[in-house]
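In our numbering, the protein residues as written are 1400 to 2284.
As structure tokens, then:
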């Protein structure tokens, strides 16, 4: 990976990219050639940086880095350094950072005087507030490690000292070692000038022996290393030497490596002891300066749980290598039957939770996990605020700990219909503005413009928003005095990717408004959802297209002259995801002309393809889209306009189709019989049909019922479907309206009619006019036998009977899938031609189906996107709700 590649290829992500991790990067360009810096980048990690000369290029590429910088190896050549020369102290020395550093962690052990000098220079020039160091005492002395200049800033120190005690015969037992008490004197003396508040000291020993000392005998090497009983005295030495030290966490661990003649070394003993102390009394923690507190017997040993809280809260974790050694030094392995989860593992588990309730329950587990769990909740989804009181409570919650909560707020959703009283009590406005200003990483915002001008003004100043949903107030719209919506949209400078607007005055948001007033969103906006839209611009006037737009949702349209389809094509040239067009009812006389003009427009250019299109039959016919369509959703029931839908499917059939069909009488069955043209058989693979069927209990003028039986429906349906040879998934929902014999008023004042023909009993009407649960399986097997490609059939019958009180609902849903084909063994025929598959299929294979559980059926619906549209889904849910009572 090269810096030139990052600059030229990855720069299109510059408005949003916050974190970048690379295995290696070669600095192959000059700082002056950087024209598009990654302004949003806050974290950068690189294992190797080659061709490093100075920080100029990194400063130009990543000017706003303020979180984490991880660099393991710097090298001026284009090859990697050998393993032994990977010294973090050297990299820190070469970088010579001048910016304030909160925490510096040196990954590798300081194991040479050269490394030590590098670190001293770094601390002398720009000491961090917190540092994590590992030092090999056997190779490098700790004396003079901390220069006087470091005392001004350094408050937190994690120091891991590793010792190798030589106890084998024939080796110099005095090499690089001092008696423990003498070493401790030198360590305290080298650190006493530091103004530390938190110290974590870890002593790691490796003792090399030819043989273990006899049980109960004297260990000659014991004088050279500390024991667990020494920890209290060590802590008191540091508390006495450093006057403002508040907390000391000490640990001693080690192991013995036994070298026996003719055998490889083995570990014979391990030990680990850790204790922690803090200043006792609340005043001592609140005022750390010695002039304001009395020193003396004010030290309290704390439990391991409390020590873990300090380590997590102050970020005083050990490096990976040191943690590994400490775990290895445990006297005995943990019982596998009683696994223990440390806080880091629990935090990782919390960060994988997807339900808000689970995260909030996690936050109640213990105080140590509460902070991380609340941060997870704030960044996982938008926080809903129902009104002024809710805003004020949320303000109190955030500013109880603003530094650890406000930066994690992902989104806010304010209920649009609450009485915010912008001109009444402005206190909640101040609270909301304060929240918006503190939420430096807010990406999602959903709010009403009636909340007040001060809030809208605060929103316009934000630069982090990616998703904005606005609810306006049509009643307050004045074209001569624009309400906050227009001012907000024109002044906003966040690089929005989603914009949704609802509730505004008809005509306020139009094609010309988007083009002339919102061009600053043209390069970033990917999805647009509008409640009302007017076409009041010609295509030749479009000079700034919304090139990033992939989804468009228009709930209502005016002046929709779709023979000017070129306006949509010019304004949104790269639509390839979702197109939803509703709320337009043109005259039927305009259908043919508009269709031909749309075809003419698309001869020069059309969209590359659409994942999903939702529109009425009229718009589908008039637009005559030529681009590939994966999924088509017809909005509104198909009845009189079925012939136009047939033409649409003949010219450009999608792979998936959702179709609501109204069947209000026997004569409507012919609509179904002629709906699918032969051309649809080559492309249609997924089909969702919602049949809204009226069963009228009144006789017609000629004395007969205008209803059709279930058998008549199935005959027509199978005949209409049999040529769909690529269909693999079929979902059929039959929704019945059983109408009464007479109207509601006639029912209450029914007169006797002695000459009227006898009426059918209710049960007889149900039996011949609707599908029962028992009818679904025969219907599914008939469809599977008719359509050889069909793999899944999902069938639902539901509805209501609109007479008597209360109305009666029912619902039944079942699903089947085809079992894998079973090969039937037959005697070998020497005349058999293996290429004649069509001839032998029926004779060698059998098709059978198995019923699926409701959970498995829902999984298929979700995976294959066989959902109903919102209107139809609500109708089915109503049946499920009342049928279960």
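Ideal placement from N, C-alpha and C gives every residue a C-beta, glycine not left out. All values reported here derive from a predicted model rather than from experimental measurement.
Would you mind giving the Cβ-Cβ distance between residue i and residue j, rounded to the nearest angstrom? I have them listed as a contact below 8 angstroms.
i: residue 2013; j: residue 2034; result: 6 angstroms
i: residue 1594; j: residue 1643; result: 6 angstroms
i: residue 1974; j: residue 1948; result: 6 angstroms
i: residue 2138; j: residue 2093; result: 7 angstroms
i: residue 2217; j: residue 2248; result: 5 angstroms
i: residue 1789; j: residue 1755; result: With 8 angstroms as the limit, residue 1789 and residue 1755 do not qualify as a contact, their Cβ atoms being about 16 angstroms apart.
i: residue 2025; j: residue 2055; result: That pair is no contact at about 18 angstroms.
i: residue 1997; j: residue 1964; result: 5 angstroms
i: residue 1419; j: residue 1443; result: 5 angstroms
i: residue 2132; j: residue 2267; result: 7 angstroms
If you draw a straight line from the alpha carbon of residue i to that of residue j, how long is it in whole angstroms?
i: residue 1567; j: residue 1538; result: 18 angstroms
i: residue 2123; j: residue 2117; result: 10 angstroms
i: residue 2285; j: residue 1831; result: Residue 2285 falls outside the range modelled here, since the chain spans only 1400 to 2284, and no answer is possible.
i: residue 1585; j: residue 1776; result: 48 angstroms
i: residue 1902; j: residue 1743; result: 47 angstroms
i: residue 2017; j: residue 2091; result: 20 angstroms
i: residue 1919; j: residue 2060; result: 43 angstroms
i: residue 1460; j: residue 1424; result: 13 angstroms
i: residue 1724; j: residue 1603; result: 8 angstroms
i: residue 1746; j: residue 1712; result: 13 angstroms
i: residue 2088; j: residue 2032; result: 10 angstroms
i: residue 2219; j: residue 2250; result: 14 angstroms
i: residue 2049; j: residue 1911; result: 35 angstroms
i: residue 2252; j: residue 2259; result: 11 angstroms
i: residue 2127; j: residue 2043; result: 25 angstroms
i: residue 2170; j: residue 1979; result: 33 angstroms
i: residue 1896; j: residue 1530; result: 40 angstroms
i: residue 1655; j: residue 1728; result: 10 angstroms
i: residue 1942; j: residue 1916; result: 13 angstroms
i: residue 1932; j: residue 1989; result: 21 angstroms
i: residue 2027; j: residue 2052; result: 8 angstroms
i: residue 1793; j: residue 1551; result: 38 angstroms
i: residue 2174; j: residue 2084; result: 25 angstroms
Which partner residues of residue i appear in the DSSP bridge assignment?
i: residue 2210; result: 2197
i: residue 2250; result: 2215
i: residue 1655; result: 1606 and 1668
i: residue 1431; result: None; residue 1431 has no bridge partner.
i: residue 2130; result: 2087 and 2193
i: residue 1627; result: In DSSP, residue 1627 forms no bridge with anything.
i: residue 1443; result: 1419 and 1468
i: residue 1915; result: DSSP lists no partner for residue 1915.
i: residue 1926; result: 1897 and 1950
i: residue 1646; result: 1597 and 1677
i: residue 1559; result: 1533 and 1601
i: residue 1933; result: 1909 and 1957
i: residue 1868; result: 1845 and 1899
Would residue i be called buried (16 or more neighbouring beta carbons within 10 Å of its own) or exposed?
i: residue 2073; result: exposed
i: residue 1463; result: exposed
i: residue 1608; result: buried
i: residue 1421; result: exposed
i: residue 2107; result: buried
i: residue 1883; result: buried
i: residue 2278; result: buried
i: residue 1771; result: buried
i: residue 2146; result: Unreliable placement is indicated for residue 2146, whose pLDDT of 46 sits below 50; the coordinate value is still reported in the next sentence. Exposed, because fewer than 16 other Cβ atoms sit within 10 Å of the Cβ of residue 2146.
i: residue 1417; result: exposed
i: residue 2210; result: buried
i: residue 1845; result: buried
i: residue 1860; result: exposed
i: residue 1894; result: buried
i: residue 2262; result: exposed
i: residue 1375; result: Only positions 1400 to 2284 of the chain appear in this structure, which leaves residue 1375 out of reach.
i: residue 2020; result: buried
i: residue 1810; result: buried
For the ligand SAH, is there a heavy atom less than 8 angstroms away from the beta-carbon of residue i?
i: residue 1871; result: You won't find the ligand SAH in this model; it holds no ligand whatsoever.
In chain order, what are the residue ranges of uninterrupted alpha helix (DSSP H) at least 4 long that sit wholly in the region 2052-2110? 2068-2072
Hey, which unbroken runs of the alpha helix (DSSP H) at 4 residues or more fall wholly within the region 1972-2010? 1990-2000
Within the region 1808-1843, ranges of the beta strand (DSSP E) (whole runs, at least 3 residues): 1810-1813
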